[in-house]
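Novice: The number in my numbering is simply the position in the sequence shown, starting from 1, with 1154 added.
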Amino acid sequence: MSATGGTSEGATTPRQPGGGKWWIAGGAAAVLLAVLMGGVALGWWAANHTLVAGKQNTTDEPDAAPVIALESSMPDVRGLTRDAAAQVLADSGFSASIITFEDAPSGLPEGTVVMQSPVFGTPSPAKIWIGVAVPTTMPALTGLDRRKALSTLSDLGVGATVVFQYSATAAPGTVLSTSPGVGKPLGDTATVTLATTGSALALGDLRRLSGECRTTGQVTLRGTDYPSAVECDAEPAASMTTWSLGAKADLFTATAGIDDDATPGASATVEILADGVVVKTARVAFGSPVDVSVPVSGTIQLGVRVTSPAEVEVLLAGASVAGSDTAIAELER
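Right, dumping it as structure tokens:
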């Protein structure tokens, strides 16, 4: 070194503090990046290896989990056409070989499915039966009770409207008629007419036209008490009383007899007349009353004629006429 303080060739220049450490930081970053990239690659390899192994296990391993088949339940195909029902069944997984289609008489439109077996929801049925509507006619229902008649129509897919009509002869609640009539083409609705009891009016409440028969209180015939009766005086000469029906009643009923308080052995003959014509004759005796039932439809005047070998009071216990509600109401006025 010279005395002037200059620098000679070959002299070493001193380093600045920290100026040469940049390469150390860069190297560390490179090492860290390499480690991270290696981890990602290792993870990808492990995941891919696991997926491939899983795929192989599903095909090659003998103890792979079995595939479970789902059950098919019977659908509800009622109301569909035959073709639509067949398609629904096929879509539900049922083979055509287990399905039977048959004709089913019905009031519903032809070709409509009206019945099926098994019922909706039945799991995996082995056999399937389908009833398809074909035209039918009104069956004979007259005389059947209400429940049986309506059940018969319901089985044919027919809804019934019920109306009521008085009948002097049919049992209440039984079928008098149908619309359409028996043997006529049947649709999805029908009308059923049922018999009713109508109304009744006591004989003594009718307008009396002639004669001396009268209403009395409680009487007893062969041990049976009746709250009221029509009483007629019988003797050897015939005695007749008439009442106005005005062609509004259909049936006359009574129990004819001689009161239990009368003289034993007494007897009499009772005749019922419709417009002057004898339609019923009953012979009664002490202890032997007779039930009387006479159709009087269309009758204008009802007559009762009594005769007896000796004077005796003949009783018509519970005597009344019956008819439709409207007709009997007119008789009461």
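Here a beta-carbon is modelled for each residue, glycine too, at the ideal position from N, C-alpha and C.
If you're wondering where the values come from, they're calculated on a predicted model, not measured in any experiment.
Inspect the beta-carbon positions of valine 1242 and proline 1229 and report whether they are closer than 7 Å.
Specialist: Result yes, Cβ atoms of valine 1242 and proline 1229 sit closer than 7 Å.
Novice: Taking C-beta to C-beta, are threonine 1125 and glycine 1365 nearer than 7 Å?
Specialist: Outside the modelled stretch of the chain, which goes from 1155 to 1487, sits residue 1125, for which no answer is possible.
Novice: Does the distance from the CB of alanine 1388 to the CB of alanine 1349 come in under 7 Å?
Specialist: Contact flag unset, no.
Novice: If we cut at 7 Å on Cβ distances, does leucine 1405 have a partner in chain D?
Specialist: Of the protein chains in this structure there is only one, and it is not chain D.
Novice: What residue does the alpha helix (DSSP H) around glutamine 1241 start on, and which one ends it?
Specialist: First-last of the alpha helix (DSSP H) with glutamine 1241: 1236-1245.
Novice: Please give me, in chain order, every unbroken run of the beta strand (DSSP E) with length at least 3 that falls completely inside the segment 1376-1433.
Specialist: List check, beta strand (DSSP E) in window: 1378-1380, 1383-1388, 1393-1398, 1405-1412 and 1421-1428.
Novice: Could you pull the DSSP bridge partners for isoleucine 1282 from this structure?
Specialist: In DSSP, isoleucine 1282 forms a bridge with Ile1253.
Novice: Give a yes or no on whether the C-beta atoms belonging to serine 1260 and leucine 1310 are separated by under 7 Å.
Specialist: Yes. Within cutoff.
Novice: Compute the Euclidean distance between the alpha carbons of leucine 1485 and glycine 1285, then round it to the nearest angstrom.
Specialist: Taking the straight line from one Cα to the other gives about 54 Å.
Novice: Give the C-beta separation of valine 1432 and glutamate 1425 to the nearest angstrom, bearing in mind that I take them to be a contact with Cβ-Cβ under 8 Å.
Specialist: Contact holds; Cβ gap of about 5 Å.
Novice: Could you spell out where the alpha helix (DSSP H) holding arginine 1300 opens and where it closes?
Specialist: Arginine 1300 -> alpha helix (DSSP H) spans 1300-1309.
Novice: Closest to proline 1272 by C-alpha separation, out of Leu1469, Ser1308, Arg1232 and Ala1410, would be which residue?
Specialist: Of the listed residues, the one whose Cα sits closest to proline 1272 is Arg1232.
Novice: Nearest by alpha-carbon distance to phenylalanine 1314: which of Gly1472, Thr1345 and Lys1302 is it?
Specialist: The amino acid at residue 1314 is misidentified as phenylalanine; the sequence shows alanine. Selected option, being the one with the closest Cα: Thr1345.
Novice: State the DSSP-derived secondary structure class of alanine 1322, mapped to helix, strand or coil.
Specialist: In the structure shown, alanine 1322 sits in coil (DSSP, three-state: anything other than H, G, I, E or B).
Novice: May I ask you to report which of helix, strand or coil DSSP gives leucine 1355?
Specialist: Three-state result, leucine 1355: strand.
Novice: Would the beta-carbon of serine 1373 fall within 7 Å of that of alanine 1473?
Specialist: In the sequence under discussion, the amino acid at residue 1373 is valine, which differs from the serine named in the question. For valine 1373 and alanine 1473, no; Cβs fall outside 7 Å.
Novice: May I ask which residues mark the beginning and end of the beta strand (DSSP E) holding aspartate 1445?
Specialist: Start and end: 1444-1449.
Novice: Give the secondary structure of threonine 1453 by DSSP, where H, G and I count as helix, E and B as strand, and everything else as coil.
Specialist: Threonine 1453: coil per DSSP, three-state reduction.
Novice: Going along the chain, which residues of its own chain have a beta-carbon closer than 6 Å to the beta-carbon of glycine 1341, five neighbours each way excluded?
Specialist: So the qualifying residues of the chain are Gly1261.
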